[in-house]
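*Asks:* Quick one: the structure is below, and I'll ask about it shortly.
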Amino acid sequence: MSGRLVYLDNNATTPIAPEVREAMMPYLTNLYGNPSSMYSFAGEVADGLKKAQASVAALLGATPEEITFTSCGTESDSTAILSAVRTFPEKRHIITTRVEHPAVKNLCENISLFTGHKYRLTQLKVDEKGMLDLAEYEAALSDDTAIASIMWANNETGVIFPIAEMAKMAKKRGILFHTDAVQAVGKIPIDLASLDIDFLSSSGHKLHAPKGVGVLYVKKRTPFTPFLIGGHQERGRRGGTENVASIIALGKASELAATHIGQENSHVRALRDRLEQGLLARIPKAILNGDKDNRLPNTSNISFEYVEGESILLHMNRQGICASSGSACTSGSLEPSHVLRAMGVPFTAAHGSIRFSLSVYNTQEEIDFVLEALPPIIASLRKLSPFWKEGL
Amino acid sequence: MWEYTDKVQEHFLNPRNVGEIDKPDGVGDVGSLACGDALKLTLKIEGGKIADAKFKTFGCASAIASSSALTEMVIGKSLEEASKITNEDIANYLGGLPKEKMHCSVMGREALEAAIANYKGLVLPMAQGEVVCECFGVTDLEIIRAIKESHLRSVEEITNFTKAGGGCGKCEEKLRAILQKTVQGEVAQPAAADKPKRMTTLQKVKKIEEVLEREIRPVLKKDGGDIELLDVDGDIVTVAMRGACGTCAKSQTTIKEYVEKKLRELVLESLIVEEGRE
Ligand SMILES: Cc1ncc(COP(=O)(O)O)c(C=O)c1O
Ligand code: FES
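Residue numbers (my numbering), protein chains in the order written: chain V, 1 to 392; chain R, 1001 to 1278.
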């Protein structure tokens, strides 16, 4: 394989930004004090954490006290949802969607195992573009609802849900609202101060910080029951000595994200559109998945009919191009992506879906390379396919 | 990422004998788009020998490599020799396949059988079985054969080899039953216990009623109480406390500390007992 690497899988994870790495280095070397200790050597570390908290808060339009650091997006999701059901044990209904990340989906589907109680679960449907029906949501909200957990942006298609409106509708009924914003933070502007969101989850490694650090936003005055019980760290909201270097990194990454958000919507969006339009024009029987006008600026999910996703990825890999697929063979299960199936994407297309997800570090030259590389790959696999006929 | 051998990768990147034979003597068409893999094998047969073989495959790298390997293996063989090729032979020819991908080699063998049967004008017995797994259209005969040929010992292995059970999971009980029957017929001892215990709702209800009657009611009755089973949904057991227990403020504790513990111990570890409101 040549040394070339074209990384178009930023919804899976992102490279650590050089500035971020630099900011965290001192905390991996000299500044090793425990932020809870009483001497000034450790005080410096505690100050670093405070600053990081403020940077994250600024990116989200929150106050620093509303920010708690966790070990990942998954922990933030679990903490928020379990907090709500433990705070209101008599409420036995949860609302979520059919297209959530497993971090929310699997928790909600198995919540009785963790709480010892039986719950009613509403998993909202999506239409063929991946959008929700707000009337269905409104009808589902009930006095028995402990929490509504709705993702802000979908990791597979990039489709953005009307979170501001949905949070408002929940608030009106006095229902707690959580959003998994792991894919949204840093890609679209978020101002929590003006919204009725009670809990928001985000994850460091999706915005150029390291893996293994996350954020849980809890709105001021929202009742909260912690998940990890232990010391007084994070003001008692999460026990455990802080993952200092990664938190510092996430602080720096948040500062960068705040300055890059304009670029996401200009540079990144332009590259994504160039890639998408180029592929759709060059490759017959290629279908865009997800609402074209309601998407993250960095994500494009395209189905290449009559070929299978894993085969496409392996050929791309040979040329150093990284992306992912919703095909059955890549998921480790035998069925294609639950997101595409919920949208009613036909099997013929779901098995051949490829997700491209870009970042500010991608270049036009890389996109043009992919535009040259992919059409012959699809053509050669279609030659092998018993379902493909020239001129289809 | 899957771990593929060099040979799998090589066949995937440079598949042999791609295409369709013009006026073939035998055609084997297996799998479907919905299932995620499909193979069309065409054979040219001359003097009882496979003179040529070509394939078209929709599927992942191991499906393509298995098909390519298959054509290489059968060309030049007599029909008799070819029909002895097993899916293990195909996998071995490629230096092995990841276990989750064994169904790709099974698809190869099925296509070969179908093509030979088509040449001979026969109807394949396998397709005549009863469909057990609706999601992937797998019949009992296919499953029994895979169990015997590849010495499968768990439902998970059946899924790896035949795909049955890999979708909605509804057929799991049936697969377990087929496995047990087949294995018992094959070797004297029963199948190695796989995975934690699983029971159908009906089995659960019966067992729970039994334990309530034998163990729990007698104890509650001593205090002038009683218990009634209202519902079993998955692992959630709903009960109502009667008599003195029904009005006792401690009934919740009794349910969790006593009834649930007993049922977990004697019926199923994962049960959750709740008090039903009427
Ligand atoms: C929407 C969404 N939620 C949650 C997660 C989980 O985040 P983490 O990997 O930090 O646990 C991801 C990451 O894949 C995601 O895309
Ligand atoms: S019927 Fe077998 S997996 Fe659905």
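Note that the Cβ used here is the ideal one computed from N, Cα and C, for glycine as well.
In this text the structure is predicted, and so the values were computed from the model without any measurement.
1) Please find out if some non-hydrogen atom of ligand 3 comes closer than 6 Å to the beta-carbon of Leu1141/R.
2) Going along the segment 335 to 367 of chain V in order, which residues come within less than 8 Å of chain R, judged by CB to CB distance?
3) So if I threshold CB-CB distances at 7 Å, which residues from the segment 111 to 124 of chain V count as touching chain R?
4) Of all the CB atoms in chain R, is at least one closer than 7 Å to the CB of Pro386/V?
5) If Lys1007/R and Leu1094/R are in contact, beta carbons under 8 Å, what's the gap, nearest whole angstrom?
6) Can you pull the chain V neighbours of Cys1133/R, defined as C-beta to C-beta under 9 Å?
7) For Tyr1004/R and Pro1098/R, what's the separation of their Cα atoms in angstroms?
8) Alpha carbon to alpha carbon, how far is Ala1240/R from Ile163/V?
9) Taking contact to mean 3 or more Cβ pairs, one atom from each stretch, closer than 8 Å, check whether the segment 1101 to 1117 of chain R and the segment 1037 to 1055 of chain R are in contact.
10) What does Lys383/V reach in chain R if we use C-beta pairs closer than 7 Å?
11) What did DSSP end up calling His232/V once you bin it into helix, strand or coil?
12) Near Ala46/V, what residues of its chain come up, given a Cβ to Cβ distance below 8 Å and the 5 sequence neighbours on each side ignored?
13) Mind pulling the chain V residues with CB within less than 8 Å of Pro1015/R?
14) Taking the straight line between their C-alpha atoms, what separation do you get for Ser327/V and Ile1208/R?
15) Alpha carbon to alpha carbon, what distance is there between Asp1235/R and Pro1218/R?
16) Which residues in the same chain have their Cβ closer than 8 Å to the Cβ of Glu308/V, if we skip the five residues on either side of it in sequence?
17) For Tyr32/V, count neighbouring C-beta atoms within 10 Å of its own C-beta (all shown protein chains included) and say buried if the count is 16 or more, exposed if not.
18) Which value, in whole angstroms, describes the spacing of the CA atoms of Glu335/V and Glu128/V?
19) Please name the residue, chosen from Ile354/V, Leu296/V, Leu384/V, Leu271/V, that lies closest to Asp368/V on a Cα-to-Cα basis.
20) Would you please state the rounded distance, in angstroms, between the beta carbons of Leu192/V and Thr222/V? I believe it to be under 8 Å.
21) Below 8 Å on the Cβ atoms is my contact criterion, and I expect Asn289/V with Ile302/V to pass it. Report the Cβ-Cβ distance as a whole number of Å.
22) In whole angstroms, what is the alpha-carbon distance linking Thr179/V and Glu165/V?
23) In angstroms with no decimal places, state the Cα-to-Cα distance between Thr74/V and Gly204/V.
24) Verify whether the separation of the beta carbon atoms of Gly186/V and Ala257/V is less than 7 Å.
25) Should the segment 263 to 278 of chain V be called in touch with the segment 1017 to 1029 of chain R, which here means at least 3 C-beta pairs below 8 Å?
26) What runs of the alpha helix (DSSP H), each 4 residues or longer, lie entirely inside the segment 242 to 320 of chain V?
27) Which residue comes first and which comes last in the beta strand (DSSP E) that contains Asp1233/R?
28) Going straight from the alpha carbon of Ala1192/R to that of Arg1153/R, what length do you get?
29) Under 8 Å: do the segment 1261 to 1275 of chain R and the segment 1220 to 1238 of chain R share three or more Cβ pairs, one atom per stretch?
30) So for Glu1046/R, helix, strand or coil by DSSP?
31) Beta-carbon within less than 6 Å of Ala342/V's beta-carbon, same chain only, minus the 5 sequence neighbours each way: which residues are those?
32) Between Glu1171/R and the rest of its own chain, which residues show a CB-CB distance below 8 Å, the 5 nearest in sequence each way excluded?
33) Could you tell me whether the Cβ atoms of Leu314/V and Lys1056/R are closer together than 7 Å?
34) Check whether the segment 8 to 19 of chain V and the segment 207 to 218 of chain V are in contact - that is, three or more C-beta pairs closer than 8 Å.
35) Could you list which residues in chain B have their beta carbon closer than 8 Å to that of Lys1040/R, in chain order?
*Replies:* Straight from the coordinates:
1) Ligand 3 is not part of the structure shown, which contains ligand 1 and ligand 2 as its ligands.
2) Glu335, Pro336, Phe347, Thr348, His351
3) Ser112, Gly116, His117, Lys118
4) yes
5) Right, their Cβ atoms sit about 5 Å apart.
6) Correct list: empty, because the minimum Cβ distance to chain V is about 10 Å.
7) The alpha-carbon atoms of Tyr1004/R and Pro1098/R are separated by roughly 7 Å.
8) 41 Å
9) Flag = yes, the segment 1101 to 1117 of chain R and the segment 1037 to 1055 of chain R touch.
10) Val1018
11) coil
12) Pro35, Ser36
13) Leu384
14) 42 Å
15) Their Cα atoms are separated by approximately 24 Å.
16) Within its own chain, the residues whose Cβ lies closer than 8 Å to the Cβ of Glu308/V, once the five positions on either side in sequence are excluded, are Ser327, Cys329, His351, Gly352, Leu381, listed in chain order.
17) exposed
18) Whole-angstrom Cα-Cα distance: 18 Å.
19) Leu271/V
20) The pair is not a contact, with the Cβ atoms about 11 Å apart (cut-off 8 Å).
21) 7 Å
22) 12 Å
23) Their backbone Cα atoms lie some 11 Å apart in a straight line.
24) Less than 7 Å divides the Cβ of Gly186/V from the Cβ of Ala257/V.
25) no
26) 244 to 263, 269 to 282, 309 to 318
27) 1225 to 1233
28) Annotation note: pLDDT 43 at Ala1192/R (below 50); position unreliable, no value reported.
29) Yes, since at least three Cβ pairs between the segment 1261 to 1275 of chain R and the segment 1220 to 1238 of chain R fall closer than 8 Å, the two stretches touch.
30) The DSSP-derived three-state label of Glu1046/R is strand.
31) The answer, listed in chain order, is Arg98, Val99, Val126.
32) For the record, residue 1171/R in the displayed sequence is Cys; it is not Glu. If we look at Cys1171/R and ignore the five residues flanking it on each side, its Cβ neighbours are Val1132, Cys1133, Glu1134, Cys1135, Ala1164, Gly1165.
33) no
34) Touching, yes, given that three or more Cβ pairs across the two stretches are closer than 8 Å.
35) Note that chain B does not occur in the displayed structure, where the protein chains are V and R.
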